[in-house]
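Just so you know, we're using our numbering here: the sequence shown kicks off at 5 and counts up by one. All remarks here apply to the structure that follows.
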Amino acid sequence: MPQKKKQEILLESGTNELEILEFTIDGRHYGINVAKIVELMKYHEVTPMPNANPFVEGVFNPRGHLMTLINLPAYLGHVDGDSRNMDIFIITNFNKVFSAFRVHAVEEIHRLSWTQIEKPDAAIYGGQDGLATGIARIGTRLVTILDFEKILQDISPESAINMSDLDKLGERERSDKPILMADDSPVLNKILVEALTFAGYTNLTMCSNGQEAWDLLREYKESGQPIENFCKIVISDIEMPKMDGHKLLKNIRDDSDMRHLPVILFSSIMSEQVRMKGEGLGATAQLTKPEIYDLVKLVDAYILP
Numbered sequence: 005m006p007q008k009k010k011q012e013i014l015l016e017s018g019t020n021e022l023e024i025l026e027f028t029i030d031g032r033h034y035g036i037n038v039a040k041i042v043e044l045m046k047y048h049e050v051t052p053m054p055n056a057n058p059f060v061e062g063v064f065n066p067r068g069h070l071m072t073l074i075n076l077p078a079y080l081g082h083v084d085g086d087s088r089n090m091d092i093f094i095i096t097n098f099n100k101v102f103s104a105f106r107v108h109a110v111e112e113i114h115r116l117s118w119t120q121i122e123k124p125d126a127a128i129y130g131g132q133d134g135l136a137t138g139i140a141r142i143g144t145r146l147v148t149i150l151d152f153e154k155i156l157q158d159i160s161p162e163s164a165i166n167m168s169d170l171d172k173l174g175e176r177e178r179s180d181k182p183i184l185m186a187d188d189s190p191v192l193n194k195i196l197v198e199a200l201t202f203a204g205y206t207n208l209t210m211c212s213n214g215q216e217a218w219d220l221l222r223e224y225k226e227s228g229q230p231i232e233n234f235c236k237i238v239i240s241d242i243e244m245p246k247m248d249g250h251k252l253l254k255n256i257r258d259d260s261d262m263r264h265l266p267v268i269l270f271s272s273i274m275s276e277q278v279r280m281k282g283e284g285l286g287a288t289a290q291l292t293k294p295e296i297y298d299l300v301k302l303v304d305a306y307i308l309p
């Protein structure tokens, strides 16, 4: 990559911003982080697959890459009319999986601050079983940011984090060294806690976004005690309301009392550009979310010695 382009990317890092693609299904407005999108395609004929999940329309082969098409209107319980040949495919790549999601129409891309995205009320959006990771107000519209990771996990459980990999860890002693984690997905929160608990870590603090994690770190600092008494390592998602993982990382590296803390970015989006941003901000390590065994081994390396 040319040096000028690399510098331009790094200059955008840590600004707590994201780009959202707004799309509609049955007249309702939804959004997806542009970082998850590979391309948009007009409707394409697909080949049905026997005994497939009812929300899987079939497979198709764009540009020589076999891909599964998910009927997002049906999955969300919306009316799926006869305008199929007018629909759009959103081609995605996250958690190392390429997928296609059919939607009715694509509106536009919006550049927003994560502070503009509110965490939905669990009572309304289903908590751990909910499909909304955030709500963005764009003009007079409320745009629901969907949890595409959960959608894919529901339809294709084999694409989820494989907890059985942790069996390779063998017998381990317990450790009460404190670990601070930030992830907006209740499902991923639960998996992270289960994985690290299985690995022997007992002192875990989970935050639902980067702002909560940063507020806690400042409280630890203001106590007057060494920060390591409260946090030996930070594990953070990147996509989160209020404050994203890149901004959290930048804040930590800019603080003289915290900058030495190991920070692992653990995210479903880990493209070359995203990885470059993390490196530029000083991430200790960066992993995609299926790599739960590698995450535990990294935590071991940085806080067990």
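Think of the CB as a built atom: it goes at the ideal place given N, C-alpha and C, for glycine as much as any other residue. The structure presented is a predicted model; accordingly, all values stated were derived computationally and were not measured.
If distances are taken between C-alpha atoms only, which option among 58, 266 and 282 comes closest to residue 160? Working through the sequence shown from its first residue, we reach residue 160 at position 156. Of 58, 266 and 282, the residue nearest in Cα terms is 58.
Any idea what DSSP makes of residue 267, helix, strand or coil? Along the sequence shown, read from residue 1 onward, the residue named residue 267 stands at position 263. The answer is strand: DSSP assigns residue 267 an E or B state.
With 16 as the cutoff for other CB atoms within 10 Å, does residue 272 come out buried or exposed? In the sequence shown, the residue the question calls residue 272 occupies position 268. Buried, because 16 or more other Cβ atoms sit within 10 Å of the Cβ of residue 272.
Closest by C-alpha distance to residue 44, when choosing among 66, 53 and 190: Stepping through the sequence shown from its first residue, residue 44 is reached at position 40. For residue 44, the nearest C-alpha among the options comes from 66.
Uninterrupted beta strand (DSSP E) stretches inside the stretch 206–288 (no shorter than 3 residues): 208–211, 237–240 and 267–271
Cβ-Cβ separation, residue 101 to residue 156 (assumed contact under 8 angstroms), whole Å: Taking the sequence shown and counting its residues from 1, the one referred to as residue 156 is at position 152. Taking the sequence shown and counting its residues from 1, the one referred to as residue 101 is at position 97. That belief holds up - the Cβ atoms of residue 156 and residue 101 are roughly 7 angstroms apart, short of 8 angstroms.
Along the chain, where does the alpha helix (DSSP H) that runs through residue 47 open and close? The residue you call residue 47 lines up with position 43 of the sequence shown. It is not in any alpha helix (DSSP H) - residue 47 carries neither H nor E in the DSSP assignment.
Give the secondary structure of residue 99 by DSSP, where H, G and I count as helix, E and B as strand, and everything else as coil. To locate residue 99, count along the sequence shown from 1; it is residue 95. For residue 99, the secondary structure class from DSSP, reduced to helix, strand or coil, is coil.
Tell me which same chain residues have a C-beta within less than 6 angstroms of the C-beta of residue 123, skipping the five on either side of it? As a working note, residue 123 is residue 119 in the sequence shown. Closer than 6 angstroms at Cβ, skipping near neighbours: 245.
How do the stretch 143–153 and the stretch 28–35 stand: do at least 3 beta-carbon pairs fall below 8 angstroms, yes or no? yes
Can at least three beta-carbon pairs, one atom from the stretch 234–251 and one from the stretch 60–75, be found at a separation below 8 angstroms? no
With DSSP as the reference, label residue 24 as helix, strand or coil. Numbered from its first residue, the sequence shown carries residue 24 at position 20. In this structure, residue 24 counts as strand in the three-state DSSP scheme.
Closest by C-alpha distance to residue 108, when choosing among 115, 183 and 76: Residue numbering aside, residue 108 sits at position 104 when the sequence shown is read from its first letter. Minimum Cα distance to residue 108 is reached at 76.
If I follow the unbroken alpha helix (DSSP H) through residue 193, where does it start and stop? On the sequence shown, residue 193 is found 189 positions in, with the first residue counted as 1. Taken as a continuous stretch (DSSP letters only), the alpha helix (DSSP H) holding residue 193 covers 190–202.
Please look up how many angstroms separate the CB atoms of residue 308 and residue 299, rounded, as I've assumed it's under 8 angstroms. Taking the sequence shown and counting its residues from 1, one reaches residue 308 at position 304. Taking the sequence shown and counting its residues from 1, one reaches residue 299 at position 295. Their Cβ separation, rounded to whole angstroms, is 14 angstroms, which puts residue 308 and residue 299 out of contact at 8 angstroms.
I'd like to know whether the C-beta atoms of residue 187 and residue 297 end up nearer to each other than 7 angstroms. In the sequence shown, the residue the question calls residue 187 occupies position 183. In the sequence shown, the residue the question calls residue 297 occupies position 293. No; because the gap between Cβ atoms is not below 7 angstroms, this pair is not in contact.
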